[in-house]
Each structure stands twice: as structure tokens, then as C-alpha cells.
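Protein chains: 2
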Amino acid sequence: MPDTPALRQGSPAKRAAIVRAALDVFVREGYARASVDAIARAASVSKRTIYDYFGDKERLFLSTVEETAAAQAVAFRDLLDHTLGDVADEADLEPALVSFGRAFATEVARSAERAAVMRLMIAEAHHFPALLRTPTEERPAHRALADRLAEFGRRGLLTIPDPDEAAEFLGLLVTVRVNHRSWYGAAPLDDAEIDRLVAGGVRVFLSAYGPSRATDRP
Amino acid sequence: MPDTPALRQGSPAKRAAIVRAALDVFVREGYARASVDAIARAASVSKRTIYDYFGDKERLFLSTVEETAAAQAVAFRDLLDHTLGDVADEADLEPALVSFGRAFATEVARSAERAAVMRLMIAEAHHFPALLRTPTEERPAHRALADRLAEFGRRGLLTIPDPDEAAEFLGLLVTVRVNHRSWYGAAPLDDAEIDRLVAGGVRVFLSAYGPSRATDRP
DNA sequence: GCGGAACTACACTGTACGGTGTAGTGTAGG
DNA sequence: CCTACACTACACCGTACAGTGTAGTTCCGC
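One line per chain: the protein sequences are S and C, in this order.
Position one of the first sequence corresponds to residue 1 (the numbering used here), numbered consecutively onward.
Position one of the second sequence corresponds to residue 1001 (the numbering used here), numbered consecutively onward.
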């Protein structure tokens, strides 16, 4: 009765290996150029197994992107806890933001994986509308950052009239120049350059949301 | 002697028609999925003519992206003149910046062409390293904006310690949220939303570079 | 040790596409 | 009229790849 001829259950480990290999190949080649044969080779698995697990190339791609993005969201929350988790007073704030920005941007630019997934999603947005479903405000990473900033606002460390907007600007200010210059991970970028870009971004963020700032909107 | 078997001269009009059709198809399908047959059909031209003009698919792609980007740089300078060209005093400044941002972001999000080329370049950065050659500071659009901001700085309308950085932030603040939400043109965005995003970006820009702002760096 | 599921190796089909070669049709200039 | 060129239409080659079918092997639970 079901159109789908029942995917194989299999082992989570093997499934994970396939997803990892698929991510590698998709990121390196793009969706259209990536061949299932190459993915099977990279995962040390027979092509047949991939089809038994995932059905077809499209579903393999979607699973890969979704599972990778989910894992990154978890990693992001960790990063957030480690860098912005214990800001005691105002003196801690800017260093904490810089350290957050640096950790985030470095991961973005160097581990390449996060930016690479972003690049994949941008490239394939037309062909996989499912990828662009989730609005910014509902992404868990965004929520976590917005909540943290709102808390800083309540404690008087920052002036945060709109936590969602503030979170968006912070993430953007510390990462987008890095992403643009590295073409979302396609071109290399050295640490000093990353530091410079992040520091500039944090400076702009603080001038807009810093504690001493009156919200001088009419 | 030359490896290249001499491309055909032909008429500029026909060449332009091919480039326009190629841009359409490349943007819609991506490089790998786009077939030269489809481009020929879209340009109402025989496939053979395309090969006579451009040699192969790769060179067709590069010509398309480069020529489109060059045309956009010209359009950007026009836009700059029309929106930031005659700022008489401080009262003119914010409206002018908003109007610049709105014009730019609207073009980015709606005409789709600029963002689409960006999307193409991001997607193909790995396979066409030539695309990511030019550093930010040397792009003519960036230079034009930076020069304009530097002038505002000299006239005391803004506080611009580093025109290059300021130009980068302004362009970024008014466009990147639009690009991210529209997935570089792949998803629609309504005018009200664009206005909101642009206004927010200009506000942050002015809090960092506004005239009343002391550069309180230690 | 039996049965079934997981898995591999491999052959095979259909199709799409990059690129080429060529014959033939305008078309402009001398 | 003749030559040279731009261009089209079309057939064609080689290859790459998604997806399937299947026979045989390994592995695990009972």
C-alpha cells in the first residue's frame, strides 16, 4: 500500500557513517555533481545499502543536511554555554562576546562544516524547498542566543529592546564578514584576520546594544 | 599554436542574448544541472553557436558571471548617486541611508538577479576559484560606497575612522538579513519585511557610526 | 545449526549530457 | 557569380550516473 517500499532498519552506526560520507561528498562536489557511487565508496559501503537505507538520492541529501544541522545546533548551545555562560559583571561582557564571536567564527571558517552546510543550503534552496522552511526566530540556536541576550538585558549588562533582533545582529556581525570573505568556507582565512573581523563586529554590536546606550528612538 | 581553437567573433547582440539566457538557466538550475542544450533553446540559438562563441561550458559560465557582475557594479554606482548623492546636512542623512538601504535591499531581494549571482558564486566557489579572486576592498561597488562614507566623515555627518570597514558594515547591515531570509533570492520576501530589516540595519549602523558618537576605543 | 536479515559485488538499463563533425542555408562584399 | 563567414539542424560519440535486480556471503538470534 505505501509507495515507499519500506526502508531498511539497519544499524545507527552504519547510517551515521553514510551520512558523514555523504556530507563530505555533497559539500565538496555539490548535490548534482555528487554521485551515489562516490558516497558509497567514501562510506565503505555498497551502493545498494545506501538505497536500502535512504530510498533515493534526494532523501539521502535531505537526511544528511537535516541531521548535520541538528548536530550543529547542539554544538552551538555548548559553545554558548562555554563562552557566555558565566558573565558575572559588565567587565566580563566584552571579552565574553569576543570569545563567543571568535569561537563561533573560527568554527564557521575553519571546521568549515557549518559554513559548508550553509553553502549547500544556499546552493540547493531552489531544488529543496523543504530546506528553507524554518524561519529564523524558530531555529533553536537563534532562540538560545536570544534568550541569553535577553537575560543580559534584564541584568542591565546590555540594552536589549528586542532580543530576537539583537541575536540576529550579533550572529551576523561576528560571522557574516567571515563567511563572505571565505565564501562560506570555500576559501581559507587566517586566525588573525578572523580575530580582526570578530572584534570589529563585537564593537559595532556593543555600540548599538551596550549598557551605556540610551535607546534614542523617537 | 594556441590550444584554444579561436572563438568566433560574431555579433555583440547575439553574444549578449546567449549570456542573458545562460544567466537565467544557471540561476534557475545551478551550474551542474544546467544543460547547454537548455541554454541554447532559451537563447533561440543553436548549441553549436554557443560552442563557437564560448568554447566550452566552463568558459560560458565564467563569462556569464563576470559580465553580469560588471553590469551590476555599474547599476550600483547609479543607485548610490541617486540615494546618497545629495545629502546636504545631518537631517538628510538617515532618510538617505534608509533610502539607499531600501533600494539596495529591494533590488537584492526582488530583482533577484544580484542575490542570484551571489548564490551562484557561493555555490560554485569550489569549482571556479577564479570567482573568488577579488578581495572585498578592491571591488568597485565597495570602493564607491567607502569613498562616499569617507566624504560624509570629512563633512562631520558621520564618524568614520575606517571607511572600508564602515562600508562593509553598512552594506552588510542593510542586506544580509534580507539575503539570509530570502536564501539569496530563492524565497520570496514582502516589501514591509524588507523595510523593517533595512530600518533596523540603518539604526545599528548609525549607533556605531553616527555623528554624535565618540570613538570610545581605549 | 537453522532461518532470516543485513550486506556486498556486480551486472545491467535507461537516460541525460558535453562536445564534435558536417551538410546545408542565408547573407554581405567584391 | 563567387568567396567567406555566420549560423542552424541534426546526427553522433563517449561517458557518467540514478536506480534495480540478483546471487552469494556474513552475521545474529533462537
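Glycine residues also receive a C-beta, built at the ideal position from the N, C-alpha and C atoms.
- For Y1053/C, the enclosing alpha helix (DSSP H) covers residues K1047 to F1054.
- Chain order gives no chain C residues near F26/S, where near means a beta carbon separation below 8 Å; the closest approach is about 11 Å.
- Note that the C-beta distance between L158/S and P211/S is below 8 Å.
- Sixteen is the threshold: since fewer than 16 other Cβ atoms of the shown chains lie within 10 Å of the Cβ of E1138/C, the residue is exposed.
- The contact set of H142/S on chain C, defined by CB atoms closer than 8 Å, is empty, because the minimum CB distance reaches about 11 Å.
- No Cβ of chain S is located within less than 8 Å of the beta carbon of R1102/C.
- Looking only at N1179/C, R1177/C and F1152/C, the smallest Cα-Cα distance to A1167/C is reached by F1152/C.
- In summary, G1010/C is exposed, with fewer than 16 beta-carbon neighbours lying within 10 Å of its beta-carbon over all protein chains present.
- Residues A34, F61, T64 and L120 of the same chain have their beta carbon placed closer than 7 Å to that of F26/S, with the five preceding and five following residues left out of the count.
- Only those residues of the stretch 1183 to 1202 of chain C whose C-beta falls short of 7 Å from the nearest C-beta of chain S are listed: W1183, Y1184, A1186, A1187 and G1200.
- Taking the CA atoms as reference points, T1175/C sits about 7 Å from V1198/C.
- In this structure, DSSP gives R119/S a helical state, which the three-state scheme calls helix.
- For Y1031/C, there is no enclosing alpha helix (DSSP H), since its DSSP letter is neither H nor E.
- With respect to the 8 Å criterion, G1101/C and G1201/C are classified as neighbours on the basis of their beta carbons.
- DSSP places I1194/C inside the alpha helix (DSSP H), whose first and last residues are D1191 to Y1209.
- For T136/S, the C-beta contacts it makes with chain C under 9 Å involve R1177, H1180 and R1181, in order along the chain.
- P140/S: member of the alpha helix (DSSP H) spanning P140 to R154, first to last residue.
- For the set H1180/C, I1050/C and R1077/C, the Cα lying nearest the Cα of P135/S is the one of H1180/C.
- Annotation: the continuous alpha helix (DSSP H) that includes A96/S extends over E90 to T106.
- Take L1131/C, set aside five residues on each side of it, and the residues of its chain with a beta-carbon closer than 7 Å to its own are V1065, M1121, E1124 and A1125, in chain order.
- Straight across, the Cα-Cα distance linking A17/S with M118/S is about 21 Å.
- It is roughly 7 Å from the alpha-carbon of A105/S to the alpha-carbon of I194/S.
- Cβ-Cβ separation between D56/S and A42/S: approximately 18 Å, too far for a contact (criterion under 8 Å).
- Between L1189/C and L1170/C, the C-beta spacing is not below 8 Å.
- When C-beta distances to chain C are compared with 9 Å, the residues of the stretch 108 to 122 of chain S below that value are M118, R119, L120, M121 and I122, in chain order.
- Put simply, the backbone Cα of E1029/C is about 10 Å away from that of A1022/C.
- At a C-beta separation below 8 Å, A1006/C has no neighbours in chain S, since its nearest C-beta there lies roughly 30 Å away.
- When the Cα atoms are used, I39/S and H1127/C turn out to be separated by approximately 19 Å.
- Looking at the backbone, the Cα of L84/S and that of R1203/C are separated by about 25 Å.
- By the rule that beta-carbons nearer than 8 Å mark a contact, V19/S does not touch chain C.
- Interface flag for F1169/C against chain S is set, since a Cβ pair is found closer than 8 Å.
- DSSP, reduced to helix, strand and coil, places L7/S outside both helices and strands of the structure shown, so it counts as coil.
- Taking the C-beta atoms as reference points, L80/S is found no nearer than 8 Å to L172/S.
- In the DSSP annotation of this structure, G1085/C is not part of any alpha helix (DSSP H), being labelled neither H nor E.
- Cβ-Cβ distances below 7 Å link A112/S to G185 in the same chain, with the five nearest sequence neighbours on each side left out; the list follows chain order.
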